[in-house]
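Residue numbers (this note's numbering): 19 to 433.
Backbone N, C-alpha and C define an ideal beta-carbon position, used for all residues, glycine too.
Accompanying notes for the structure given below.
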Amino acid sequence: MPEPLAPLTVRPGPPEDTGRPEARRSTSTVRAGDVRALLGALAAALGLTVVLFTRIAPFDGPLGFVVVAYLFFVGLYAVLVSFSENAMAVRDRVAAVIAHSLAVLVVGALLFVVVYTLWRGRSALPHLNFFTEDMSVTGPVQPLTSGGMLHAIAGTVEHMVIALTITVPLGLACAVFLSEVPGAYARFVRTIVEAMTALPSIVAGLFIYATVILILGVDKSGIAASLALSVMMLPIIIRASDVVIRLVPGSLREASLALGASQWRTVWTVVLPTARSGLTTAVILGTARGIGETSPVLLTAGFTSGMNLNPLHGPQVSLPLATFELVRSPEPNFIARGFGAAALLMGLVLLLFVVARIIGGRGPGELTRRQTHRRVLASRRDAERMSGRARPGAGPGGRTDTDGPPPGPVEELSN
Numbered sequence: 019m020p021e022p023l024a025p026l027t028v029r030p031g032p033p034e035d036t037g038r039p040e041a042r043r044s045t046s047t048v049r050a051g052d053v054r055a056l057l058g059a060l061a062a063a064l065g066l067t068v069v070l071f072t073r074i075a076p077f078d079g080p081l082g083f084v085v086v087a088y089l090f091f092v093g094l095y096a097v098l099v100s101f102s103e104n105a106m107a108v109r110d111r112v113a114a115v116i117a118h119s120l121a122v123l124v125v126g127a128l129l130f131v132v133v134y135t136l137w138r139g140r141s142a143l144p145h146l147n148f149f150t151e152d153m154s155v156t157g158p159v160q161p162l163t164s165g166g167m168l169h170a171i172a173g174t175v176e177h178m179v180i181a182l183t184i185t186v187p188l189g190l191a192c193a194v195f196l197s198e199v200p201g202a203y204a205r206f207v208r209t210i211v212e213a214m215t216a217l218p219s220i221v222a223g224l225f226i227y228a229t230v231i232l233i234l235g236v237d238k239s240g241i242a243a244s245l246a247l248s249v250m251m252l253p254i255i256i257r258a259s260d261v262v263i264r265l266v267p268g269s270l271r272e273a274s275l276a277l278g279a280s281q282w283r284t285v286w287t288v289v290l291p292t293a294r295s296g297l298t299t300a301v302i303l304g305t306a307r308g309i310g311e312t313s314p315v316l317l318t319a320g321f322t323s324g325m326n327l328n329p330l331h332g333p334q335v336s337l338p339l340a341t342f343e344l345v346r347s348p349e350p351n352f353i354a355r356g357f358g359a360a361a362l363l364m365g366l367v368l369l370l371f372v373v374a375r376i377i378g379g380r381g382p383g384e385l386t387r388r389q390t391h392r393r394v395l396a397s398r399r400d401a402e403r404m405s406g407r408a409r410p411g412a413g414p415g416g417r418t419d420t421d422g423p424p425p426g427p428v429e430e431l432s433n
């Protein structure tokens, strides 16, 4: 007996017109029920914590209050979500709440540090002399209208310029070697670099102090401090650059090599431009590691209250070292100057970050306006040359004997 045929699938027709406008479906990831559960858990957690701290247990302290309230909040939020969701959704919502709360904690800590530093240095920052004078003729009891951090600003800029001049070429070259020339020696160098990333700053300062100052006889100076900062910054730049370069797709290298380019040409024109944004981030990480260090500069540069623009001779102070020395003073004016120096350091880091983003912030293959203009002109010349080859009797450049003289640079740019 033959098997019965399967029923045909009927395609549903268009919805009937009921005269009412179609309700739009919300694509937002935040729903009203989630907001109510979040606010309800937060209010209940605060209430339970207040009752626990004031009526039940002899607990005290703001830190313990925050920790207990947060634990209550997570537990109550999981209970409220479980009323309308399954177990997998509950775990997902709890994990999302914990991740977002940790992000808020980090941002809050950063804002607290910035605001507290600016608040403590508010009495020193408004004075113009704080940016244009040094501390050579200013004593502990002098008012804030005398003296400033110009010598520390100049020292910090010189230290970082010298350190970046040393570390950026060496770091990028070593990263290219580790990623493009694999082998036993490259693995050994990578192991040493990874071990040096955890090098304490005091060890870097002692290394330069023992080798450059004691053995070679170089005085405590800005160049010695820059070398100590370079020892700390170099492994950070190498490690981060190596990771970025290894993320460049191998198909780009293979395409360049297939077109006949050498390995050096491939690295210079394909790999490094593709990883430019990541390499900029690597340099920023190295700069952030070195610009805020105090102990290497203290051991290798000494301390001075006057201006010294010669990094090869004489002690030279930096903003972190000036902050360390000033906040130790019992005088309120010195403490205010110390927090003002810390605020200047944060501003300098922000400025360096913005400059680095402007220099290396363009994506792979993104051209400047001048490069785009040159490419357009080259494309026009190529199009004219290719179209001229199709005409009979065309000579070099696609021009015939009846054509006039070739256009000059001004006429070509005007076209």
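| Cβ contact check for the segment 342-356 and the segment 207-217: 3 or more pairs under 8 Å | The segment 342-356 is not in contact with the segment 207-217.
| 7 Å CB neighbourhood of I254 in its chain, flanking five on each side removed | T215, L303, G304, R307
| Nearest-angstrom Cβ-Cβ length linking G358 and M167, presumed shorter than 8 Å | Confirmed, Cβ separation roughly 7 Å.
| The alpha helix (DSSP H) enclosing F83, as first and last residue numbers | 80-100
| message | For the alpha helix (DSSP H) containing S405, name the first residue and the last one. | response | 387-407
| Proximity of P338 and K238 at Cβ, strictly below 8 Å | In this structure, K238 does not lie closer than 8 Å to P338 by Cβ.
| request: Mind listing, in chain order, the continuous alpha helix (DSSP H) runs of no fewer than 4 residues lying wholly within the segment 156-219? | output: 168-198, 202-214
| Starting from Q281 and walking both ways along the alpha helix (DSSP H), at which residues does that stretch end? | 281-284
| Looking only at its own chain, which residues have a Cβ that is under 8 Å from the Cβ of N147, when we skip the five neighbours before and after it? | In its chain, beyond the 5 residues on either side, T163, S164, G165, G166 have a beta carbon closer than 8 Å to the beta carbon of N147.
| message | Taking 7 Å as the cut-off, is the beta-carbon of L363 closer than that to any non-hydrogen atom of the ligand NAP? | response | What this structure holds is no ligand at all, so the ligand NAP is not there to describe.
| message | Buried or exposed, going by whether 16 or more other CB atoms sit within 10 Å of the CB of A354? | response | buried
| Between the CA atoms of A142 and V86 - distance to the nearest angstrom | 40 Å
| request: Using alpha carbons as the reference points, say which of G93, V92, L70 lies closest to G82. | output: The residue with the shortest Cα to Cα distance from G82 is L70.
| field | Local conformation of M325 per DSSP, three classes | value | In this structure, M325 counts as coil in the three-state DSSP scheme.
| message | Does L270 come out as helix, strand or coil in the three-state DSSP assignment? | response | helix
| request: Keeping to the same chain, check which residues put their C-beta closer than 7 Å to that of F371; ignore five residues upstream and five downstream. | output: I302
| request: Taking 8 Å as the threshold, find out whether the segment 166-182 comes into contact with the segment 317-326 through three or more Cβ pairs. | output: yes
| message | So the candidates are G235, V230, V261; which of them puts its Cα closest to the Cα of A246? | response | V230
| request: Have a look at V112, V155, A181, V84 and flag the residue whose alpha-carbon is nearest the alpha-carbon of L123. | output: Of the candidates V112, V155, A181, V84, the one whose C-alpha sits nearest the C-alpha of L123 is V84.
| request: Report the option in D110, A62, A361 whose CA atom is closest to the CA atom of R140. | output: A361
| query | CB Y95 to CB V68, shorter than 8 Å? | reply | no
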